[in-house]
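Just so it is clear: in the sequence shown, position 81 is 80 by numbering that gives the first Met the number 0, and no numbers are missing. Note that the Cβ used here is the ideal one computed from N, Cα and C, for glycine as well. Note that the structure is predicted; figures quoted are calculated from it, not measured. Worksheet for the structure shown next.
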Amino acid sequence: MTLTASVRRRPTANPGTHVPSAADAGSGSGTGPEAGGEAGSAVAADQRRRDGRDADGLAVASFVLGLVGLLVMNILLGPAAVVMAILALARATSRRGRAFLGLALGIADLVVLAVLVTGSGTISWSFSG
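Listed below in structure tokens is the structure:
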């Protein structure tokens with residue numbers, strides 16, 4: 000049994016001319032008036048908006064995880080809140096206050112964990128007296 004595969008080649012215009020591809024969209028290496036102009040700035044603006052939304056999401060997630068971590072699973076949620084808050088601040092989030100609250104709550108989670116561990120001598124504890 001023989002398997003054959005066909006390869007489609009991208010058509011070229013004239014030998015020696017550059018045919019822009021999708022990889023050239025934001026690199027400014029194309030030829031012509033649109034190279035690095037409006038198309039490149041639109042791609043860059045879209046990337047900045049996406050990065051901003053990601054950073055805002057990290058800030059909100061760190062706040063929520065830090066808040067929930069005060070009640071349950073602070074050994075996991077506290078460090079996660081701290082890391083997410085630092086990432087959000089490093090990515091220049093527009094929700095800096097929320098990121099700082101997430102950072103503070105994550106650190107508070109770790110403090111609560113330290114108090115509970117020193118009080119009971121173990122990481123496992125129960126709420127039933």
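- At least three beta-carbon pairs within less than 8 Å, the stretch 70-84 to the stretch 98-109: yes
- Using three-state DSSP, classify R90 as helix, strand or coil. Counting from one through the sequence shown, the residue named residue 90 turns up at place 91. R90 falls in the coil class under three-state DSSP.
- Can you grab the Cα-Cα spacing for the pair S93 / G68, in whole Å? Along the sequence shown, read from residue 1 onward, the residue named residue 93 stands at position 94. Along the sequence shown, read from residue 1 onward, the residue named residue 68 stands at position 69. Answer to the nearest angstrom: the Cα atoms are 24 Å apart.
- Which residue comes first and which comes last in the alpha helix (DSSP H) that contains G96? Looking up residue 96 in the sequence shown gives position 97. Run containing G96: R95 to S119, per the alpha helix (DSSP H) assignment.
- With DSSP as the reference, label M72 as helix, strand or coil. By one-based count along the sequence shown, residue 72 stands at place 73. Three-state DSSP puts M72 in coil, outside helix and strand.
- Message: Which same chain residues end up closer than 7 Å to A91 when comparing Cβ atoms and leaving out the 5 residues on each side of it in sequence?
- Response: For the purposes of this step, residue 91 is taken as residue 92 along the sequence shown, with counting starting at 1. Contacts found: A54.
- Excluding five sequence neighbours on each side, which residues of the same chain lie with their C-beta closer than 7 Å to the C-beta of L86? Within the sequence shown, numbered from 1, the residue matching residue 86 stands at position 87. Around L86: L57.
- Distance, Cα to Cα, R95 vs A84? Along the sequence shown, read from residue 1 onward, the residue named residue 95 stands at position 96. Along the sequence shown, read from residue 1 onward, the residue named residue 84 stands at position 85. Going from the Cα of R95 to the Cα of A84 covers about 9 Å.
- Query: Among the residues of its own chain, which have a CB less than 6 Å from the CB of I74, if the five just before and after it don't count?
  - Reply: Looking up residue 74 in the sequence shown gives position 75. Hits under 6 Å: L112.
- Task: May I have the straight-line CA-CA distance separating G120 from V114, to the nearest angstrom?
- Result: For the purposes of this step, residue 120 is taken as residue 121 along the sequence shown, with counting starting at 1. For the purposes of this step, residue 114 is taken as residue 115 along the sequence shown, with counting starting at 1. About 10 Å.
- Using beta-carbon positions only, say whether V59 and R97 come within less than 8 Å of one another. On the sequence shown, residue 59 is found 60 positions in, with the first residue counted as 1. On the sequence shown, residue 97 is found 98 positions in, with the first residue counted as 1. In this structure, R97 lies closer than 8 Å to V59 by Cβ.
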